[in-house]
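Chemist: Each residue of the sequence shown is one higher than the one before, starting from 7 at the first, in the numbering used here. Quick reminder that beta carbons are idealized off the backbone N, C-alpha and C, glycines included. Computed from a predicted model, the values in this text were never measured in an experiment. I'd like to ask some things about the structure below.
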Amino acid sequence: MSPYQLWISFYTMLRKDIVRMFRIWVQTFLPSVMTSVLYFAVFGTILGSRIGQMQGVDYMTFVVPGLVMLAIVTTAYANTSFMFFTSKFFARSIDEILVSPTPPWLLIGGFVAGGVVRGVLVGTLVLIVSLFFTGLSLTIHNALVILGFAILTALVFALAGLVNGIYAKSIDGINLVPTFVLTPLVYLGGIFYSVHTLPEWWQAITYADPLFYLVNGLRYGFLGITDIPLTLSLGVLLVMIAGLATINWYFIRTGLGLRQ
């Protein structure tokens, strides 16, 4: 395929996903925003008034980066897994792409890009909502770090969602991973607390959670504070991207999980 044909293939897949997002915006954008409002109200306003400060900043402000990250993770994952699963089982549009000369890496890019766009957009909406709870006092320590970690995190979990979408045999297979994998990672990932406030055995569990490194990277971008070095967070991100991209490429190249 020529570069122009590659671009048309990628653009077609991405445009289809984006049009779908905005057509059903009540389902794609609103739920994450409403969930974040509840988190801000319960963990930030009610519990935050009792906790006071965390690592030298107001508790409400402390949890903002984690809740933005939570929105990015869940929406990027859900978008890609659901889109690929429906394309495979219901719309059957994946068959048309597979018989075309579209290379595996471009197919991955087309589906993952939609998840990245939705993840970053929802994360931005949650950030806007957070301004009303923090009294418009949220500071930005490093905008490039925030943007970089937001995009790369959306990419990681869009790739993870694609693995789920490829391998799932039923809609239950799509719902299984968010329930039993993503939810524990979220609550053990340091969104609502600093790892230094935990006992040693609980710290060990938190350090084993990859989401912990991503949350701390985004928190550094917002507040300039982190429990671990920023380079370590970035390293974990890049390793996850490389590993998940390789798995996806192998699945699509060999047809594993695609042949019915």
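Spell out the partners DSSP gives residue 60 in its beta bridges.
Modeler: Under DSSP, residue 60 forms a beta bridge with 63.
Chemist: Answer yes or no: the CB of residue 178 versus the heavy atoms of the ligand SAH, is any distance below 7 angstroms?
Modeler: Of ligands this structure carries none, so the ligand SAH is not represented either.
Chemist: Under three-state DSSP, which class holds residue 185?
Modeler: Residue 185: helix per DSSP, three-state reduction.
Chemist: Taking DSSP as the reference, what is the three-state secondary structure of residue 199?
Modeler: coil
Chemist: Which residue comes first and which comes last in the alpha helix (DSSP H) that contains residue 122?
Modeler: 110–139
Chemist: Where does the unbroken alpha helix (DSSP H) through residue 19 begin, and where does it stop?
Modeler: 9–29
Chemist: Following the continuous alpha helix (DSSP H) through residue 154, name the residue where it begins and the one where it ends.
Modeler: 149–173
Chemist: Would DSSP call residue 230 helix, strand or coil?
Modeler: Of the three classes helix, strand and coil, the one that applies to residue 230 here is coil, per DSSP.
Chemist: Tell me the rounded alpha-carbon separation between residue 36 and residue 188.
Modeler: Whole-angstrom Cα-Cα distance: 20 angstroms.
Chemist: Counting pairs of beta carbons, one from the region 54–73 and one from the region 221–232, are three or more of them closer than 8 angstroms?
Modeler: yes
Chemist: Judging by CA-CA distance, which residue of 216, 44, 14 and 77 is the nearest neighbour of residue 238?
Modeler: 216
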